[in-house]
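Please read the structure below before turning to the comments.
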Amino acid sequence: MRQKRLLTIQDYSCLGRCSLTEALPVISACGIECVGIPTAVLSNHTAGFKSWTYADLTEYLMPTVEHWKDYNNHFDAIYTGYLGTKQIPIILDIIQSLKKPDTIVLVDPAFADDGKMYPGFEKDHVEALKELVQKSDIIVPNLTEACFLLGLPPTKEWTRPEVENMLVRLGNMGPKEVVISGLSFEKGRVGCLVYEKRGGRTLLIETESYRGKYHGTGDLFASALIGARLNGLSLPGAVRIAHDFVHDSIEKTLEDREPDLFYGVEFEKAIPGLVDALFRKRELVG
Ligand code: PXL
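Under the working numbering, the first residue of the sequence shown carries the number 3, and numbering increases by one thereafter.
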């Protein structure tokens, strides 16, 4: 069987697991070749740490892709994560130049959480992202990002029918598949709502939650989700695997140490479980 290949475009933050330092190992573990274009190199991520260095790589994005024109530049998926606002039009051009009819475009908005935007982002980021969402096949916002994209108050407590309505509205913006993560409709439970435009149904996939805030879990979730999707899993099947992988990563972190807010979770220890789950599911899908 031909090995699948994915392009991911996001930052490389050296310290504090997130973005490329999670996407590369997780997607590789799923048996997919993972090509990464770094949009910037940071000393560490920006959530929780007091300061960081930032080397901007915007001017290298398009030349990198143009350089591939004489080589095999086929990708089964293009996955975008944390991006600078001014980089979004360039990413749109990259998608236009590389996307083939069988290329799945997954957009993880990755600009906000807990009711607010990450440092450095303003409203214009949301406007730019809407264009990227239009060109996507799958989007995986958390609840805060979904609210910003829809112009809804990001700190309100939402009911399940209200969030189901958000999924439909986000689907109407372009993508065929929408997953909103970080939802808790019941004390002690956390999960995601999954929506496929084709079936029109929404499905809640959840587990018990853990106390505390774990950085970089959105990037782990998106990476495992696209990894599982490229292994032939259905959207709900891939979300189940990705959600369980994040849950297991948090569990393994807590077995080891008290929640340490910003270095990220010990996902490395959950990779064997992810691979195992993928192989078991793969047998089911044939
Ligand atoms: O996990 C999202 C993310 C990615 N990259 C950087 C970040 C964050 C979240 O804060 O700061 C640099």
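All C-beta atoms, glycine included, are put in the ideal place defined by N, C-alpha and C.
For residue i, the three-state DSSP class (helix, strand or coil)
i: N144; result: strand
i: T10; result: strand
i: P156; result: coil
i: V1; result: Absent from the structure is residue 1, since the part of the chain shown begins at 3 and ends at 288.
i: I257; result: Here residue 257 turns out to be Glu, not Ile, going by the sequence shown. Three-state DSSP puts E257 in a helix.
i: L108; result: strand
Contact test: residue i Cβ vs the ligand PXL heavy atom, cutoff 7 Å
i: A112; result: yes
i: T82; result: no
i: G86; result: no
i: T2; result: Residue 2 lies beyond the stretch modelled for the chain, which goes from 3 to 288, so this question has no answer here.
i: H47; result: yes
i: Y62; result: no
i: L59; result: no
i: G38; result: no
i: G220; result: yes
i: D13; result: yes
i: Y120; result: yes
i: V251; result: The sequence as given places Ser at residue 251; Val does not occur at that position. For the ligand PXL, not one heavy atom lies less than 7 Å from the Cβ of S251.
i: S53; result: no
i: C16; result: no
Classification of residue i by the beta-carbon crowding that lies within 10 angstroms, buried from 16 upward
i: Q98; result: exposed
i: F281; result: exposed
i: C69; result: Here residue 69 turns out to be His, not Cys, going by the sequence shown. Answer is exposed; the Cβ neighbour count stays below 16.
i: E24; result: buried
i: G229; result: buried
i: D294; result: Beyond the ends of the chain as shown, which are 3 and 288, falls residue 294; an answer cannot be given.
Close Cβ partners of residue i (< 6 Å) along its chain, the five nearest in sequence each way excluded
i: V267; result: Y216, S251, I252 and T255
i: K199; result: G173 and K178
Residues near residue i by beta carbon distance below 8 Å, same chain, minus five either side
i: V135; result: V109, P111, I141, L151, L172, M175, G176 and P177
Q. On the three-pair Cβ rule with 8 Å, is the segment 142–157 touching the segment 109–127?
A. Contact between the segment 142–157 and the segment 109–127 is present, because at least three Cβ pairs lie under 8 Å.
Q: Count the C-beta pairs between the segment 200–214 and the segment 229–236 that are closer than 8 Å, then say yes if the count reaches three, no if not.
A: Between the segment 200–214 and the segment 229–236, the count of C-beta pairs closer than 8 Å stays below three; the two stretches do not touch.
**Q.** Inter-stretch contact (C-beta, 8 Å, three-pair minimum) for the segment 157–173 and the segment 127–134
**A.** Taking one beta carbon from each stretch, the segment 157–173 and the segment 127–134 have fewer than 3 pairs nearer than 8 Å; the two do not touch.
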